[in-house]
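1 is the number of the first residue of the sequence shown in the UniProt record's numbering; add one for each residue after it.
Backbone N, C-alpha and C fix where the C-beta goes; we use that ideal spot for every residue, glycine too.
Here is the structure we will look at.
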Amino acid sequence: NYLVGVGRADCTGPVAEIPLMGYANLEQVGGGLLMRLYSRAFIMADLEDSRRVVFVSADIGMVSQKVRLEVLKKLKSKYGNLYRQDNVILSSTHTHSGPGGYFQYTLFWITSKGLIRPSLNAIVNGIVKSINIAHENMKKGKLFINRGIVENSQINRSPFSYLKNPASERSRYSSNTDKEMVMLKMVGENGQELGFISWFAVHPVSMNNTNHLVNSDNMGYASYLFEQEKNKGMLPGQGSFVAAFASSNLGDVSPNTRGPFCINTGDSCDNPQSTCPVGGATMCMAMGPGNDMFDSTRIIGQNIYSKARELYEKASQEVTGPLSSAHQWVNMSDVLVELNATHTVKTCKPALGHSFAAGTIDGVGAFNFTQGSVEGDPFWDEIRDQLLGEPSNETKACHKPKPILFSTGEMTRPHPWHPDIVDVQIATIGSLAIIAVPGEFTTMSGRRLREAVKREFDSHGTSGMDVVIAGLCNVYTHYITTYEEYQAQRYEAASTIYGPHTLSAYIQLYRGLARAIATNTVQDLPPGPQPPVFNIVNMTLLPPLTADRAPTNKTFGDVLQEMRQQYQVSEVATVTFVGANPRTSAENATEHNFLTVERHNSTSDSWHVVQNDASWDTRFYWTKGLFGLSNATIEWSIPLGTEPGVYRIRYFGHYRKRVSLTHTVSIPFEGTSSVFEITAL
1 NYLVGVGRAD CTGPVAEIPL MGYANLEQVG GGLLMRLYSR AFIMADLEDS
51 RRVVFVSADI GMVSQKVRLE VLKKLKSKYG NLYRQDNVIL SSTHTHSGPG
101 GYFQYTLFWI TSKGLIRPSL NAIVNGIVKS INIAHENMKK GKLFINRGIV
151 ENSQINRSPF SYLKNPASER SRYSSNTDKE MVMLKMVGEN GQELGFISWF
201 AVHPVSMNNT NHLVNSDNMG YASYLFEQEK NKGMLPGQGS FVAAFASSNL
251 GDVSPNTRGP FCINTGDSCD NPQSTCPVGG ATMCMAMGPG NDMFDSTRII
301 GQNIYSKARE LYEKASQEVT GPLSSAHQWV NMSDVLVELN ATHTVKTCKP
351 ALGHSFAAGT IDGVGAFNFT QGSVEGDPFW DEIRDQLLGE PSNETKACHK
401 PKPILFSTGE MTRPHPWHPD IVDVQIATIG SLAIIAVPGE FTTMSGRRLR
451 EAVKREFDSH GTSGMDVVIA GLCNVYTHYI TTYEEYQAQR YEAASTIYGP
501 HTLSAYIQLY RGLARAIATN TVQDLPPGPQ PPVFNIVNMT LLPPLTADRA
551 PTNKTFGDVL QEMRQQYQVS EVATVTFVGA NPRTSAENAT EHNFLTVERH
601 NSTSDSWHVV QNDASWDTRF YWTKGLFGLS NATIEWSIPL GTEPGVYRIR
651 YFGHYRKRVS LTHTVSIPFE GTSSVFEITA L
């Protein structure tokens, strides 16, 4: 038995004008909301309450060092030494449709237009709040583990790299992706259902880089379905049951199961360079199973949810035993790796290869970069040398055969471009070991890491451990491929920033943590060099927030385009209001809800909220006009099973009003559509 607490809190942040984090596409900025983003926290303690483990899965692109350091600082000021570096794991789902701007390293400023405080604050405060809720709800409970295969939900997006791994190794596996989902189920001692964490390896990129609505993608949709089912009668985001779908070794795993096609000709481009005869690599895109990206998100999310539901219902293997955790900071640009008794190699200063700029079949890059480049391009190399400086010979040699595009480890202005100091961390809950990794391990890298950690536990008398990888934890260091995959230099290899021996270094480090836990010598582990904290207040290229304006003779929240008077189930009801910049709302309220769908109750003559902006069936679009004018459009896809009756849609916002030359204030407003009727089919 354990003490168990679960919590969920909003971490959405500003839904407009902020670049979305994941595809590194500067055109992809927020323009509204499809689903809210949440942080989901789980605390497990032994009954004496001498040891605790915290696991957080947040609906964000990746956990940055800045986010982690700020979260730990807030936890320390509230709880003292209870929640620490070693026993708090912060993982992200890796959605590519969440706001960016929460990084301290310069490379990530380029794609998120700097450090954006409101975005960072929403994530830090949401994570801390979810942990607070879990902390306040600790109760006696039991944990159960289960595992099973998820079909039809992933493909390997770099199969030619995977084939570089030794045939003898590949022959031990039936697939070039890990199809297994692992679930940790939590039940209160009185049988109360608390929630679960599941781990499954797939990129949440069912929504592609043309999307502008903030959302949590396929994994978030799976959480949404499970929580809606268990929190009966509650609006999305409400209720006590918490369902986390956490990331794993998803480095080379795509949900776009129909594979890569040339969008101009319809031909397959499943080749080592992912390139098309006409238009090159920029035309090669992978397609999901649905008829558009929303449909694909729903289908993949539904698949993942269905498997989780089955594993949850049947989970019977109880988890028992002590809790433990181990953490170290490591300078990953300088690790000496012992490959065997006679041979040592080193990791490198961080650098990105040419194929990094090519992107992937889930989101292609710009210009004429292709995947699988082992040669540089004189044109781009010359531009880079002029703008950013040439990589040193030492770095070039260390990264071979990667042709270096950005030697980020040698770029320090205005701050370092990439981290050197990286977290490695393992937490064990009885027989379950969670390896918290700082990036995206490919399928085979993950297999090697899990196997090495399991063997380490076995050889020190802790046999039969269930080992899972939690992806994108604590600090973001891009990808980790195997040494063999690295030679092919596709996107994942070009983004393995510490060089060809990165995986071997991590295996050595995580074995050290596992050994310390198994032999009860965690207290003897050196903590390692602390990461730097750069004092960045707010550096951003975002357009400044100016005063909002309403059209002549109109006011904020007035309806510009009215609904029809009647709709049937499965139609889309749409209304457009005089809008204001949603960024102002994010700065005024942490959990601002932009919309409600309400049903009229004739007996009590009152309105009852049936949907909010976190609902999958509602979409909130914000369109910026000239001179401070803007529109807000709300769409509601009326789902099957909607009760016939009289409805209305409401919009809630804040407008910024200029009160003097230097001062603006924000003023809340709301708008209400005319009433409309939903008739039975």
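C-beta atoms of residue i and residue j nearer than 7 angstroms
{"i": "Phe406", "j": "Leu352", "result": "yes"}
{"i": "Gly5", "j": "Ile43", "result": "yes"}
{"i": "Val253", "j": "Asn264", "result": "no"}
{"i": "Ser604", "j": "Gly653", "result": "no"}
{"i": "Gln273", "j": "Gln371", "result": "yes"}
{"i": "Thr502", "j": "Ile480", "result": "yes"}
{"i": "Asn331", "j": "Ile404", "result": "no"}
{"i": "Tyr651", "j": "Phe676", "result": "no"}
{"i": "Ala580", "j": "Arg511", "result": "no"}
{"i": "Gly557", "j": "Gly671", "result": "yes"}
{"i": "Asn209", "j": "Tyr79", "result": "no"}
{"i": "Ala427", "j": "Ser325", "result": "yes"}
{"i": "Ile127", "j": "Ser57", "result": "no"}
{"i": "Glu361", "j": "Ala315", "result": "Per the sequence shown, the amino acid found at residue 361 is Ile instead of Glu. Cβ atoms of Ile361 and Ala315: not closer than 7 angstroms."}
{"i": "Gly30", "j": "Ile18", "result": "yes"}
{"i": "Ala505", "j": "Thr347", "result": "yes"}
{"i": "Val335", "j": "Pro419", "result": "no"}
{"i": "Gly148", "j": "Met181", "result": "yes"}
{"i": "Ala366", "j": "Ala281", "result": "no"}
{"i": "Thr679", "j": "Gln568", "result": "yes"}
Other residues of its chain near residue i: CB distance less than 8 angstroms, five sequence neighbours each side excluded
{"i": "Ala167", "result": "none"}
{"i": "Leu47", "result": "Asn1, Tyr2, Leu3 and Lys140"}
{"i": "Ile116", "result": "Pro14, Ile18, Pro99, Gly100, Gly101, Tyr102, Asn538, Thr540 and Leu542"}
Coarse secondary structure for residue i, derived from DSSP in three states
{"i": "Asp86", "result": "coil"}
{"i": "Gly430", "result": "coil"}
{"i": "Pro491", "result": "The residue you asked about is not Pro; residue 491 is Tyr in the sequence shown. The answer is helix: DSSP assigns Tyr491 an H, G or I state."}
{"i": "Tyr102", "result": "coil"}
{"i": "Ile638", "result": "coil"}
{"i": "Asp292", "result": "coil"}
{"i": "Trp417", "result": "coil"}
{"i": "Glu394", "result": "helix"}
{"i": "Pro409", "result": "Position check: residue 409 holds Gly in this sequence, whereas Pro was assumed. Of the three classes helix, strand and coil, the one that applies to Gly409 here is helix, per DSSP."}
{"i": "Met563", "result": "coil"}
{"i": "Lys349", "result": "coil"}
{"i": "Tyr498", "result": "coil"}
{"i": "Asp46", "result": "strand"}
{"i": "Pro166", "result": "coil"}
{"i": "Glu136", "result": "helix"}
{"i": "Gly464", "result": "coil"}
{"i": "Leu194", "result": "strand"}
{"i": "Pro159", "result": "helix"}
Residues near residue i in its chain [Cβ-Cβ closer than 7 angstroms; skip 5 each side]
{"i": "Leu33", "result": "Val15, Leu213, Val214, Phe594, Asp613 and Phe620"}
{"i": "Gly98", "result": "Leu20, Met21, Leu37, Asp59, Ile60, Gly61 and Val214"}
{"i": "Ala122", "result": "Cys11, Thr12, Gly13, Ala586 and Thr590"}
{"i": "Gly376", "result": "His354 and Pro403"}
{"i": "Glu193", "result": "Val187, Lys230 and Phe241"}
Beta bridge counterpart(s) of residue i as assigned by DSSP
{"i": "His608", "result": "Arg599"}
{"i": "Thr623", "result": "Asn631"}
{"i": "Ser92", "result": "Ala58"}
{"i": "Thr540", "result": "Gly114"}
{"i": "Ala308", "result": "For Ala308, which the question treats as bridged, DSSP gives no partner whatsoever."}
{"i": "Met181", "result": "Gly148"}
{"i": "Cys284", "result": "Cys262"}
{"i": "Phe556", "result": "Partner(s): none; Phe556 has no beta bridge."}
{"i": "Ala326", "result": "Ile426"}
{"i": "Leu20", "result": "Pro99"}
Any non-hydrogen atom of the ligand MN within 6 angstroms of residue i CB
{"i": "Gly114", "result": "The model depicted lacks the ligand MN and carries no ligand whatsoever."}
Sequence-distant residues of the same chain with beta carbon closer than 6 angstroms to residue i, five excluded per side
{"i": "Asn137", "result": "Gly5"}
{"i": "Met219", "result": "Thr93, Pro204 and Phe245"}
{"i": "Gly7", "result": "Ala41, Ser130, Ile133 and Ala134"}
{"i": "Leu541", "result": "Lys113 and Gly114"}
{"i": "Gln508", "result": "Val337"}
{"i": "Pro582", "result": "Val15, Ala16 and Trp622"}
{"i": "Leu235", "result": "Asn612"}
Quiz item: Would the stretch 467-484 and the stretch 549-565 be scored as touching if the rule is three or more Cβ pairs under 8 angstroms?
Solution: The stretch 467-484 makes no contact with the stretch 549-565: fewer than 3 CB pairs, one atom from each, lie closer than 8 angstroms.
Quiz prompt | Contact the stretch 636-647 vs the stretch 60-70: 3+ CB pairs below 8 angstroms | solution = The answer is no - the stretch 60-70 does not touch the stretch 636-647, with fewer than three Cβ pairs under 8 angstroms.
Quiz item: Would you call the stretch 374-385 and the stretch 424-441 touching, i.e. three or more CB-CB distances under 8 angstroms?
Solution: With contact defined as three or more Cβ pairs closer than 8 angstroms, the stretch 374-385 and the stretch 424-441 are not in contact.
Quiz item: Is the number of C-beta pairs between the stretch 480-496 and the stretch 155-164 that are closer than 8 angstroms three or more?
Solution: Using a C-beta cut-off of 8 angstroms, the stretch 480-496 makes contact with the stretch 155-164, since at least three inter-stretch Cβ pairs fall below that distance.
Quiz prompt | Three or more C-beta pairs below 8 angstroms linking the stretch 384-402 and the stretch 301-310 | solution = Counting Cβ pairs under 8 angstroms, fewer than three are found: no touch.
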